[in-house]
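In terms of the numbering used here, the sequence shown has 129 at position 79, counting the first letter as 1, and numbering is strictly consecutive.
One structure below.
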Amino acid sequence: MSAIETRLLPDTASVGPQGQLMVGGCDTIELAKQFGTPLFVYDETHLRERCRQAVGAFGFGVNYATKAFLCRAMARLAVEEGMNLDVSTQGEYHVARSAGIAADRMVLHGNNKSLDELRVAMADGIGRIVVDSFDEIDRIEFLVQQGLPKPRVLARITPGVEAHTHEFVQTGQDDSKFGFGVASGAAAAALARLAVSPACELLGMHAHVGSQVFEAKFFEQAVEVLAQFFATYDLAELSVGGGLGVAYVEQERAPTIEEWGIGIRRACDAAGVDAQVTAEPGRAIVASAGITLYTVGTIKELPGIRTYVSVDGGMSDNPRPVLYGSGYETFLPRDVEADRPRTVRVVGKHCESGDLLVREAQVPADLAIGDVLCTPVTGAYGHSMGSNYNKILRPAVVFVREGQARLVVRRETLDDLLNCEVD
């Protein structure tokens, strides 16, 4: 196979004088030496450009879905570029607030928000709450009775649209833990209750059909279903959620954020939805901005079967291949333009047979122990879904821009593993 396709690399990726991968003007081989591996490297210029594209497509009400990747530096960057933040737990909210982000720049999600989560967010003046259940309405009404300010809310509607994606990340079908279903009548009942509740200011609706969705028609179908409610309740806002897919491997193609926005607005116009339309992109903002650098530790040849290439990370820094069967590409950043004729299986160092990163990886023929190996398009749901399985230390995260590397999340230490221990 030929060299890695450059469209899968961050925007500022280039080839250095020795053939090495440069990102943000930084030599990735030198980054691996300086910060160690595994290492998440984010192209800050790429991140900022995708945020600007989202604002251009949906306006300043667009929210970055922090579950894709969150640290304080990322929260600040998104807000600096005009986005608000979508948070779905008290932990995400706490990280964003610790970054200095005002509560009114956030939207609170979650299918099981606790009283404590709601209390803190409402007391701080959260920008929006996306209401997900009748139990949640009860909790909000209770808290307002206790003296907390009335929140502005969107009702999360389950439109009955089954997007073509992995079943674990489908969210718009009738059988879902999220939202109020249209087919069951729950959506109509929830909107009717919220419209008259003295404890809520109902602004509009929210829908999310799933994650890693490549076809705009599923978003458009959701708009068509939701349109029936707008005239009835005179709603002002519609959020189509997130879920726009990105290309992880060379045979995949995905719409741009701009194309997504145009398609959504076209669908709204066709359905007669006159509202402020917004969205919650996460993966589309960060996925292709990030790469992961590993060091090859073992190469195990099994004649007539396969070759295993073991690296110093694994399912603890990228669980997507194990959870969803997700595919990735690989290459050696010491020689970006090298052909990749050799097929291997890239696996991690966990005590788990299922610990694989790339099932059928194409690599250069001269791959050797000690090489730095790169998997691109790892900026979403790697760091955020990572774990300490086998007590592996979580990797560091660096942002690179104009030749400067900025450590934004340090690598965990062995002592960090003991922080919550009680003797």
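Ideal Cβ positions, reconstructed from N, Cα and C, are used throughout, including at glycine.
*Taking DSSP as the reference, what is the three-state secondary structure of residue 172?*
Residue 172: helix per DSSP, three-state reduction.
*CB-CB under 8 Å to residue 326, same chain, minus the five flanking residues each way: which ones, in chain order?*
Shown here for residue 326: same chain residues with a beta carbon closer than 8 Å to its own, the five before and five after excluded, namely 109, 111, 254, 286, 287 and 288 in chain order.
*Is the beta carbon of residue 205 sitting closer than 9 Å to the one on residue 173?*
No, the pair does not count as a contact, with Cβ atoms beyond the cut-off.
*Is there contact between the region 296-314 and the region 370-388, where contact requires at least three CB pairs shorter than 8 Å?*
Yes, since at least three Cβ pairs between the region 296-314 and the region 370-388 fall closer than 8 Å, the two stretches touch.
_Range of the contiguous alpha helix (DSSP H) that encloses residue 278_ = The continuous alpha helix (DSSP H) containing residue 278 extends over residues 266-283.
*With 16 other CB atoms within 10 Å as the buried threshold, where does residue 469 fall?*
Flag for residue 469 reads exposed.
*Separation of residue 305 from residue 264, as counted between CA atoms*: Annotation: residue 264 to residue 305 spans about 7 Å, alpha carbon to alpha carbon.
*asked:* I'd like to confirm the pairing. Which residues does DSSP put opposite residue 426 in its beta bridges?
replied: Answer is 341.
*Is residue 356 helix, strand or coil when you go by DSSP?*
Residue 356 sits in a strand when the DSSP states are folded into three classes.
_Rounded to whole angstroms, what is the Cα-Cα separation between residue 279 and residue 210?_
Each residue's Cα considered, the two are about 15 Å apart.
*In three-state terms, what does DSSP make of residue 64?*
Residue state, collapsed to three classes: strand.
*Contact set for residue 425: own chain, Cβ-Cβ below 6 Å, skip 5 residues either direction*: Excluding sequence neighbours, residue 425 sits near 342, 378 and 380.
*Answer yes or no: do residue 345 and residue 115 have a C-beta to C-beta separation smaller than 9 Å?*
The answer is no: Cβ separation not under 9 Å.
_If you reduce the DSSP assignment to three classes, tell me which class residue 471 lands in._
In this structure, residue 471 counts as coil in the three-state DSSP scheme.
*Would the region 443-459 and the region 390-407 be scored as touching if the rule is three or more Cβ pairs under 8 Å?*
Output reads no: the region 390-407 does not touch the region 443-459.
*Under the assumption that residue 384 contacts residue 422 (Cβ atoms under 8 Å), give the Cβ distance between them as a whole number of angstroms.*
Confirmed, about 7 Å.
*asked:* For residue 475 and residue 353, I'd like the C-alpha separation in whole angstroms.
replied: Any property of residue 475 remains undetermined from this structure, which presents the chain solely from 51 to 473.
*Proximal residues to residue 186 (C-beta, below 7 Å), its chain only, five neighbours per side dropped*: Around residue 186: 163.
*Can you round the beta-carbon distance between residue 132 and residue 153 to whole angstroms, since I take them to be within the 8 Å contact cut?*
With 8 Å as the limit, residue 132 and residue 153 do not qualify as a contact, their Cβ atoms being about 17 Å apart.
*In chain order, each beta strand (DSSP E) run of at least 3 residues that lies wholly inside the region 225-264*: Counting only runs of 3 or more residues that sit fully inside the region 225-264, the beta strand (DSSP E) segments are 251-256, in chain order.
*Give every residue of the same chain whose Cβ lies closer than 7 Å to the Cβ of residue 243, excluding the five residues on either side of it in the sequence, and list them in chain order.*
Cβ contact annotation for residue 243 (same chain, cutoff 7 Å, sequence separation greater than five): 187, in chain order.
*From residue 387 to residue 148, what distance separates their C-alpha atoms?*
Cα-Cα distance, rounded: 42 Å.
*CA-CA distance, residue 157 and residue 119?*
Distance between the alpha carbons of residue 157 and residue 119: 16 Å.
*For residue 277, collect the residues of the same chain with a Cβ closer than 7 Å to its Cβ; drop the 5 residues on either side in sequence, then sort them by chain order.*
For residue 277, where only same-chain residues beyond five positions count, the Cβ hits under 7 Å are 321, 322 and 323.
*Just the C-alpha distance for residue 446 and residue 361, rounded to the nearest angstrom, thanks.*
About 16 Å.
*Do the region 89-102 and the region 427-445 make contact, defined as three or more Cβ pairs closer than 8 Å?*
These segments touch.
*When you compare each of 275, 248, 319 and 200 to residue 232 by their alpha carbons, which one comes out closest?*
Among 275, 248, 319 and 200, the Cα nearest to that of residue 232 belongs to 275.
*asked:* Let me make sure I understand the geometry here. Which of 51, 438, 58 and 103 has the alpha-carbon closest to that of residue 302?
replied: Between residue 302 and the set 51, 438, 58 and 103, the nearest pair of CA atoms involves 58.
*If you run the structure through DSSP and keep just helix, strand and coil, what is residue 368?*
Coil.
*asked:* I need the straight-line Cα distance from residue 106 to residue 250, nearest angstrom please.
replied: The straight-line gap from Cα to Cα measures roughly 30 Å.
*Is it buried or exposed for residue 145, if we count other Cβ within 10 angstroms and need 16 for buried?*
Flag for residue 145 reads buried.
_In this structure, how does DSSP classify residue 108 when only helix, strand and coil are distinguished?_
Taken through DSSP and simplified to helix, strand or coil, residue 108 comes out as helix.
*Looking only at DSSP bridge pairs, what is residue 449 linked to?*
Bridge partners of residue 449: 92 and 456.
*Under 9 Å, do residue 458 and residue 121 count as touching if we go by C-beta distance?*
At the C-beta level, residue 458 and residue 121 come within 9 Å of one another.
*Is it right to say residue 444 is buried, meaning 16 or more other beta carbons lie within 10 angstroms of its own, or is it exposed?*
Around the C-beta of residue 444, 16 or more other C-beta atoms lie within 10 Å, and the residue is accordingly described as buried.
*Leaving aside the five residues before and after residue 436 along the sequence, list all residues of the same chain whose C-beta is less than 8 Å from its C-beta, in chain order.*
Scanning its chain for C-beta atoms nearer than 8 Å, with the 5 sequence neighbours on each side dropped, one finds around residue 436 the residues 366, 367, 368, 369, 444 and 445, in chain order.
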